[in-house]
Each structure stands twice: as structure tokens, then as C-alpha cells.
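The numbering of the sequence shown is our numbering, which starts it at -11 and goes up by one.
Even glycine gets a Cβ: it sits at the ideal position worked out from N, Cα and C.
Quick notes on the structure that follows.
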Amino acid sequence: MPTCTAFTKQSTPCTAHIYTHERTLCGRHLHMIATPELEYRFNREQEVLRENWRRLQAGTHVRVGTRIVPVEEHVPPPQVVEPPPPPPQERPTCIAFKQSGERCFKQAQHDDNHCNLHHAVALRQNQSEILNRARREMTTIYHTFSFSPRILAATIDEAMPRMSEGLTAANEVRLRSEADTYITRPLTPLIRRLVEQGATFEQADAHVQAWVVDGTIAMRMVPLLHGLIQQELVFREWQHQRDRRQLFGANQREAQLAADPQNVHTHEITQQMKDAVSMLTAVQVPNTQTNTLNEIQDTFLKQKRPLYDVRKVMDDVEVWWRRPTTYTREDGLYRKCLRGLWWTIKQYKGEVRAELEKRLWDELRDGAIPHSVCTQGHMARLSNVMVGFDEAFVPPVPVGEILQQKMAAIYGMDVPYDEQIRLANEVFAELKIPEAQHAEWLAAF
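Below you can see the structure in the form of C-alpha cells.
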């Protein structure tokens, strides 16, 4: 079967077959000569393509991309041989020593031949050295110019750029704050004397503003002095309250309790706490109860309590659980009481157990959030869980404690003496206090 006699755009013979002997072009090239104008153009292009093919076959030309150029014009680009990459430099081992005295075995990651950890330690030590050097210089300046706050401030401000060189931004702010404290220290006795003489905050602040106007201090030190004024005013009020505090004799226990609103560690409460603790420790807990804390935590999580609160409560419980001494040496009392309490709760079923578990959460949370309470507070909260469910447990706040709280509230009221006596008599009637004890309680007023 004959093939097409035309040449392609790449100056190569067309390899398409012709299915009739009546023509010499394939169907692809045949339409290129449909008109005289197209045929003329086609013949011109074919002459160029045929000549290119002849030159390629003769070897006088070569193909470079889409072009056909003479051999002498085609110069192959020189091959650039890239040098092999240098071998990676092996970093030395960290030159620091651990606290145990052993050499650090990690590779150095910084130019000072330290690993990341010891590099950070070296930076902190460098910052501490700069701060300590600046503090020593400020102390020397203070002892030299403390007679004049104005000269002291000017000297420290002049030395501040030199002293803070090399510090981070946070440490620079810290050093500036300490410098302001040194500058305002000579003014502290003046403010204290003003407050002791009865000056109000506004009167003391007027002196501070006068110091700002005459250039003794800068405006940035005003908040620092305001805080000092507030502190001295609080201390003055505390001194006045201490001077007005009533003294009681050995036989005036009721009056002393009524006058002290902070006293909750009374003999009566302590005795009830001992009784509750004795009942919790008397519970026979089997040896199979070995996962108390995890079971309690799982219970709180099933109640969908906030995860942060659960973690904080359980951290507090674990601290007291691991504490060997509660009241007496090596008694492990908190752990024993909590094990006995949890085993007692597990003996209940259904809604009663669910209510006890909720109350356990409330009591443990109150003992840990926002702050961990004292020993007696922790033990009281363990005994509170069973109140109302077991008749052996009595409320930790008896009538005497209620009476003490109410009398303390009346004692703190700013009302006439007759009104205090009237309110106290109403409390006596409400709580059914024997008349023989009225005089002891009323002695507080």
C-alpha cells in the first residue's frame, strides 16, 4: 500500500497510507491543496521541508529543538559538574554538666557548644548575672544619694541604659520597676508619718502630686505611691480595731466566743469531729477495696463535673491521702476515713447512693476550691457526707455553734447597746438558751 509523498512540519516523510492510486497525498495533506492559492503555499513549504530532510540525511545539519542548523553552528553546552556536597559537620557533645555531676550526652545545637536545655539555662544565668550586677549598683547609688530623692532619681535614670544592656524586654521592665522602688523608698517614711497623723487618701495624694509638680518624682511612680498609701491606711485601721478589742477573763468563755467571729475551732466542734472520725475509722473495709481514688474520680466524671474542677479536687484529695500525719504521727487518718466513707457509700443502692455520691462531690469540692482548707475542715467535710443518711452522724454545727455565729454577728453590728441586747434576747428565745447562760453571752456587749 503506497504512502504519502509529503513531509511533515518536523521535516520528516509522512508515513500515512493512501487507499487509492488516483493521488499521492494522504487525506491529511490533501485538503492543503484544495485551492490554487493553498496548493502554491503547500508546494513552497514542501520544498523547504524536503531540503531539510535531505540535509539531515547527509549529515550536514542537525536538529536542535524545533530548528535545523548546520553542524558547525551547533556547539553543545559544556557540562557543568557540580562538586559533591561537603560532608555534614558533626556537632560536638554538649559541654555542660548535669546536677548529678555527669556530663551531658546530648549533641550541641548552638554556637556555645550547649544543647537546647543547657543553652536556655546559660541564657537565664546570664540574665541573672546582669540583674544582680544592676541591683548592686542601684544599692550603692541609693546609699549615696538617699538624702535627696531628686538626685537619686536622676542618677538611677542616667545609669539605667548601661545597667539594662543585654537584658530581655521582660527583665528590663522588671529592673525598671525595682529602680522605681528604690527611688520612692526615701518617701515612704513621709507617707507613713502623714497617715499616722490622720491624713486621708486625698490629703496624702495631694503631697504626691506636689512632688510630681516640683520634679521630685516622675508621673510613672504615682501608682506605686498610691499603693503605699492604701497599705498604710489599711494598717492604721487594723491598729484601731486592735486597740478597741475587748479583753476577757478566764471565766468569760461565752463572751469571748460571741466577740470572735473567726473562731470556728471550738472545743465542742472538735469533740464532735473526733466522734465522727471514730465512726469512719471503725468501718470494716475489706482488702479488696484497693482502687478507692480511681473509683471516686470515675464517679465524678460520670456525673459530668467540669474536668478542671475534677482534677483540682482529686489533686487535693491525693495530697491528703498520701499525708502520713493528720492529727498524730503516722496515723494516716484521712486515708482511713475516706476508705471507710467510700465503702459505706458503696453499700447503698439506687437513688440513695447517687445522692451520697453527689454530696461527696460537694464536700470534697468545698474543701479544695478555691483553696484547700485546714485539717479540721477536710475531716469535717468527710463526716458531713453521711449526715441525714446515718443517724450515727450528727451535723457538725450544734446549737452552741449557731449561737456563737449569731452573737458574733450582733457584736459586729453598728447599732446602739440596747438594740444589741434586744437582738441577743431574740436569739436566746429562738434557740431556747437557758436563762442562766444569758449573762455570760451578754458580757461581750
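For residue i, which residues of its own chain have a beta-carbon under 6 Å away from its beta-carbon, when the five flanking residues on both sides are left out?
| i | result |
| --- | --- |
| ALA141 | ILE171 |
| THR(-7) | THR12 |
Are residue i and residue j closer than 8 Å when you measure CB to CB?
| i | j | result |
| --- | --- | --- |
| ARG138 | GLY203 | yes |
| GLU125 | MET148 | no |
| ARG79 | PHE85 | no |
| THR81 | GLN97 | no |
| VAL271 | THR316 | no |
| MET207 | ASP168 | no |
| VAL265 | MET367 | yes |
| VAL301 | ALA356 | yes |
| ILE205 | ILE179 | no |
| VAL57 | HIS49 | yes |
| ASP99 | ALA110 | no |
| GLU351 | ARG369 | yes |
| ILE83 | HIS107 | no |
| ARG121 | GLU166 | no |
| TRP330 | ILE284 | yes |
| THR(-4) | ILE6 | no |
In three-state terms, what does DSSP make of residue i?
| i | result |
| --- | --- |
| GLN95 | strand |
| GLU414 | helix |
| VAL69 | coil |
| PRO137 | helix |
| HIS5 | strand |
| THR169 | helix |
| THR314 | coil |
| THR(-9) | strand |
| PRO249 | With a pLDDT of only 47 at PRO249, under the threshold of 50, the placement of this residue in the model should not be trusted; the figure read from the coordinates follows. It is coil, neither helix nor strand. |
Is residue i buried or exposed, if buried means 16 or more other CB atoms sit within 10 Å of its CB?
| i | result |
| --- | --- |
| GLY328 | buried |
| HIS253 | Summary for HIS253: the model assigns pLDDT 49, below 50, so the residue's position carries little reliability; its value from the coordinates is reported in the next sentence. Exposed. |
| PHE416 | buried |
| GLU225 | exposed |
| MET401 | exposed |
| ALA192 | buried |
| PHE93 | exposed |
| LYS262 | exposed |
Just to confirm my understanding: we take residue i, look at its own chain, exclude 5 residues before and 5 after, and list those with CB closer than 8 Å. What are they?
| i | result |
| --- | --- |
| THR0 | TRP41 |
| ARG321 | The sequence given here has Leu at residue 321, not Arg. Correct list, in chain order: VAL265, THR269, THR314, TYR315 and MET367. |
| GLY47 | VAL59 |
In chain order, what residues of the same chain have a beta carbon less than 7 Å from the beta carbon of residue i, not counting five sequence neighbours either side?
| i | result |
| --- | --- |
| LEU105 | none |
| LEU289 | VAL298 |
| ASN159 | GLN115 and LEU119 |
Continuous beta strand (DSSP E) assignments of at least 3 residues falling wholly in the segment 18 to 82: 49 to 52 and 55 to 58
Hey, which unbroken runs of the beta strand (DSSP E) at 3 residues or more fall wholly within the segment 254 to 310? none
Enumerated in chain order, which unbroken segments of the beta strand (DSSP E) with a length of 3 residues or greater are wholly contained in the segment 172 to 207? none
Give, in chain order, every unbroken run of the beta strand (DSSP E) that is at least 3 residues long and sits entirely within the segment 317 to 368. none
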